[in-house]
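Following: one structure in structure tokens, then a few remarks.
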Amino acid sequence: MELKPSTLTEELIKLPKEIRNLLAGGMAGMVAKSVVAPFDRIKILYQISSAEFHIQNVPKVALKIYRTEGLQALWKGNTATMIRVFPYSGIQFMIFDRCKTFLLREQEMEYIQLKSIDPTTPKPTWGLTPMQSLMSGMLAGASSVCVTYPLDLTRAQLAVLRRKNDAPNQRFYQVIAKNYTNRGLPGLFRGITPTMMGILPYSGIAYAVNEQTKRRIQNMTGRDVTTVERMVCGGLSGLIAQTIAYPLEVTRRRMQTIGIVPTSGTDAAVDSVGKGSSRAGAAEAAIRTVHPTKPPSMAAIVKELYAEQGIPGFFKGVTLNWFKGPIAFAISFTVFDSIQSTLSTESERKMRLPKRRNSFLGPRKTTTTEEEKKTASSSSS
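Using numbering that gives the first Met the number 0, read the sequence shown as starting at 0 and increasing by one per residue.
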């Protein structure tokens, strides 16, 4: 029997909070990534090429891809992205929210204890501190990367390969199998070092800025943030975080593709962005030779990139990130907050600032509702 939307929502609300956050985060990530997928593919092609990046050329590149490979090519690798982003985004939001819930409960218990000793104890400022937000975001980001990295590797490699209309195209599971066959388990985690170096500041700053800006709005207005404010907070956090971590993203993309899959010739789509004048043509040709069993090291990748394009090479495509990054973050944070709010229990809604501010800072309740008992039971388990 098919469930009605209202019935389905009621059934989902009965799930543990962590599972609901996992679902909300996964859906938020899938929506955001699908919207910006064409920009992501073009950005990856520029990141691994020697062509100079100019934001005004992006529409021309998109049109060229459409004419040579078809409309679907703009979303090439998006299947792998969707398979990856659901657990990636879901785990990230779930862990951050779990850390946040734990820290806020500790804050509440500390206040209650101090209040029982000294009734004049001032009311605390409700919410995470900047350092708590930063550390929770870093933990959430690192955990999600470790779980889903092989899928990110596959997505990058598929984005580089040209989509063929007259021959079978490689599927994401075939690319994963080839990486494992050529280099074993380490082959599935090729490039994870710069990824982890980048995700710690990237995820930490993104969650910290988003959390602290929303908290500031709540403290100033005494109400929950609106949808527009959520989008602005999410966009701002994405803009700052992505700019800081961008050089490591370029390094990661090059490690995931150069020397492993063709990045030039008829099998590669890199020519869609044009060709640039490399400062080190011989070194570039040598490092781009495909050796799946022994690809170049991170040091060799960084050295070749610097010799090829200098410092600007590490920021190639960052202006495209300034355009699509805030859009993706705004959509992601907003969709997550909306779904999380829809799937919240009554007691969880009371934790939101305006109501929470009045209830938790006042006298403690002497009775416990059935809803609160269920919430406490699911949290303890």
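Where is the CB? At the ideal position from N, CA and C, for every residue including glycine.
Predicted, not measured: the structure shown is a model, and the values here were computed from it.
If contacts are defined as beta-carbon pairs under 8 Å, then residue i and residue j qualify, I think. What distance do you get, rounded to the angstrom?
i    : j    : result
V34  : I326 : 7 Å
E228 : I239 : At roughly 17 Å, the Cβ-Cβ gap does not stay under 8 Å, so E228 and I239 are not in contact.
I198 : G234 : About 19 Å; that fails the 8 Å criterion.
G237 : A205 : 6 Å
E295 : G324 : For the record, residue 295 in the displayed sequence is Pro; it is not Glu. That pair is no contact at about 28 Å.
P86  : G25  : 7 Å
R161 : E68  : 6 Å
S271 : V60  : 6 Å
L73  : P37  : 4 Å
T318 : I111 : The pair is not a contact, with the Cβ atoms about 50 Å apart (cut-off 8 Å).
L102 : L133 : About 12 Å separates the two Cβ atoms, so there is no contact after all.
In or out: residue i buried (at least 16 other Cβ within 10 Å) or exposed?
i    : result
P353 : Low per-residue confidence applies at P353: pLDDT is 46, beneath 50, and the placement is therefore not dependable, though the value from the model is reported in the following sentence. By the neighbour-count rule (16 or more Cβ atoms within 10 Å), P353 is not buried but exposed.
A298 : exposed
M130 : exposed
M137 : buried
G76  : buried
Y245 : buried
A394 : Since the first and last residues shown for the chain are 0 and 380, residue 394 lies out of range.
K99  : buried
R40  : buried
P193 : buried
R104 : exposed
A329 : buried
A176 : exposed
K32  : buried
R83  : buried
S135 : buried
E10  : exposed
M322 : First, the amino acid is wrong: residue 322 is Phe here, not Met. Classification for F322: exposed.
D117 : exposed
S202 : buried
N357 : Any reading at N357 needs caution, since the residue's pLDDT is 43, under 50, leaving its predicted position unreliable; the model's value is listed next. When all chains shown are included, N357 counts as exposed.
Going along the chain, which residues of its own chain have a beta-carbon closer than 6 Å to the beta-carbon of residue i, five neighbours each way excluded?
i    : result
L21  : G89, M93
C232 : N209, T212, K213
M81  : M29
E109 : none
D96  : N20
N218 : none
V334 : A27, V30
G148 : Checking the sequence shown, residue 148 turns out to be Tyr, not Gly. For Y148, where only same-chain residues beyond five positions count, the Cβ hits under 6 Å are F188, I191.
K63  : S271
Q241 : N320, G324
E17  : M93
Using C-beta distances below 8 Å, list every residue in its chain close to residue i, excluding the 5 sequence neighbours before and after it, in chain order.
i    : result
Q255 : D151, L152, A155, Q156, R189, G190
V249 : Q46, L304, G312, F313, F314, K315, G316
S142 : I90, Q91, I94
Q71  : R162
F332 : A27, N209, R229, M230, C232, G233, S236
N381 : Limits of the chain in this structure are 0 at one end and 380 at the other, which puts residue 381 out of reach.
Q106 : P123, W125
S115 : none
I300 : T250, R253, M254, I257, I286
I12  : R19, L342, S343, T344
I243 : P200, Y201, I204
Over the uninterrupted alpha helix (DSSP H) stretch that includes residue i, give me the two end residues.
i    : result
E105 : 77-116
K323 : 317-341
D151 : 129-159
F38  : 16-46
T250 : 226-256
Q211 : 191-220
I300 : 297-308
P294 : Premise fails: P294 is in no alpha helix (DSSP H) and is neither H nor E.
I54  : Unbroken run through I54: none, as it is neither H nor E.
R182 : 171-182
R162 : First-last for R162: undefined, no H or E at that position.
S346 : 345-348
Output needed for residue i: all residues of its chain with C-beta closer than 7 Å, excluding positions within five of it in sequence on either side, in chain order.
i    : result
G186 : N178, Y179
V174 : T153, Q156, L157
L113 : T120
M196 : L247
R252 : I43, Q46, I47, A155
V146 : P86, I90
V144 : T194, M195, I198
T341 : T8
A23  : F92, F335, I338, Q339, L342
T226 : T333
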